[in-house]
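Colleague:
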Amino acid sequence: MMSSVKNLSWNWALARRWHQGQLPWLAWLLSGLAALAAMATAGAWLHAQQRQLADARRDLATLQARPAPTPASAPAEPDPDFARRLPLDASTADWVRDMQRVTGQLGVAVVSMVDTPRAATADQLGRHDLQLTLRGPYPQIKLVLKELLDRHATTTVGRLNLRVMTSPVDVEASLLLTRWSRPLLAAPAATVAAAPAPRASEAAR
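The letter at position 94 of the sequence shown is residue 186 when you use this note's numbering, and the numbering goes up by one with no holes.
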């Protein structure tokens, strides 16, 4: 009986020493695994961010490659095709309505918009410079731009800056868009009909 108690006490002491020796190693192992998981997550986030920024640069180059309207060389007689492509007025009312509709459908927030108009003259195009800030997933922001540029062909992209916010799917885009209108056309000179010369019989009177 006494030997059994001694054996039980001895086994319990060995088990206790084994657990005390193993627990620090187990804690170290778990800490190492957690650190590796955090590094893998950070690496995946960084890779996604770099890929997203690379896509943004490529899209910006594509958008900036769209030809911008150039001023007419002879404002009194502009090229008919060129004048036909530009609206008479660069009003942004319909553009803003389309932007609000598209951003609402795609879940993109309009943070701010500043419209700076410049009236057309006989020798320069009319324009509205739109400084726009959008926030949302980058693919959705890209779809908003595509929709607006497809529907409004006289809009060009002057600048596009992206900033990643809380996560790779939360991006703030600052854009400078320009909406163009045709230059003013010179009014044709008024012609005044010359009065007929009096006849000889009328002059004799």
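Each residue gets a CB set at the ideal place from its N, CA and C atoms; glycine is no exception.
Please read all numbers here as calculations on a predicted model, not as lab measurements.
Quick one: grab the DSSP three-state call for Val200.
Modeller: Within the sequence shown, the letter at position 108 stands for residue 200. In this structure, Val200 counts as coil in the three-state DSSP scheme.
Colleague: So does the region 203–220 actually touch the region 229–240, counting three or more Cβ pairs closer than 8 angstroms?
Modeller: no
Colleague: Enumerate in chain order the residues of its own chain whose CB-to-CB distance from Asp207 is below 7 angstroms, with the five nearest sequence positions on each side excluded.
Modeller: If you number the sequence shown from 1, residue 207 lands on position 115. Around Asp207: Thr184, His220 and Leu222.
Colleague: From which residue to which residue does the beta strand (DSSP E) around Gln223 run?
Modeller: Taking the sequence shown and counting its residues from 1, one reaches residue 223 at position 131. Gln223 -> beta strand (DSSP E) spans Gly218 to Gly228.
Colleague: What did DSSP end up calling Leu237 once you bin it into helix, strand or coil?
Modeller: Position 145 of the sequence shown holds residue 237. Correct three-state label for Leu237: helix.
Colleague: Going by other Cβ atoms of all chains shown within 10 Å of its Cβ, with 16 needed for buried, is Arg189 buried or exposed?
Modeller: Here the question's residue 189 lines up with position 97 in the sequence shown. When all chains shown are included, Arg189 counts as exposed.
Colleague: Quick one: what's Met205 bridged to in DSSP?
Modeller: Position 113 of the sequence shown, counted from the start, is the residue given in the question as residue 205. Met205 pairs with Leu224.
Colleague: Could you give the first and the last residue of the continuous beta strand (DSSP E) run that contains Thr247?
Modeller: As a first step, residue 247 must be located in the sequence shown, where it is residue number 155. Thr247 to Val256 is the span of the beta strand (DSSP E), which, as asked, contains Thr247.
Colleague: Pick from Asp215, Val200 and Leu252: whose alpha carbon is nearest that of His229?
Modeller: In the sequence shown, residue 229 corresponds to position 137, counting from 1. Per the sequence presented here, residue 229 reads as Pro, with His not at that position. Per the Cα distances, Val200.
Colleague: For Val263, count neighbouring C-beta atoms within 10 Å of its own C-beta (all shown protein chains included) and say buried if the count is 16 or more, exposed if not.
Modeller: As a working mapping, residue 263 is identified with position 171 in the sequence shown. By the neighbour-count rule (16 or more Cβ atoms within 10 Å), Val263 is buried.
Colleague: Note down the Cα distance separating Trp272 from Met257, rounded to an integer number of angstroms.
Modeller: To locate residue 272, count along the sequence shown from 1; it is residue 180. To locate residue 257, count along the sequence shown from 1; it is residue 165. Going from the Cα of Trp272 to the Cα of Met257 covers about 32 angstroms.
Colleague: Between the C-alpha atoms of Pro170 and Leu180, what's the straight-line distance to the nearest angstrom?
Modeller: Walking along the sequence shown from the start, residue 170 turns up at place 78. Walking along the sequence shown from the start, residue 180 turns up at place 88. Residue confidence for Pro170 is low, a pLDDT of 45 falling below 50, so the modelled location carries little weight; the figure read from the coordinates is stated next. In a straight line, the C-alpha of Pro170 is about 13 angstroms away from that of Leu180.
Colleague: By DSSP, does Asp262 sit in helix, in strand, or in coil?
Modeller: For the purposes of this step, residue 262 is taken as residue 170 along the sequence shown, with counting starting at 1. Looking at Asp262 - three-state DSSP - the assignment turns out to be coil, as it is neither helix nor strand.
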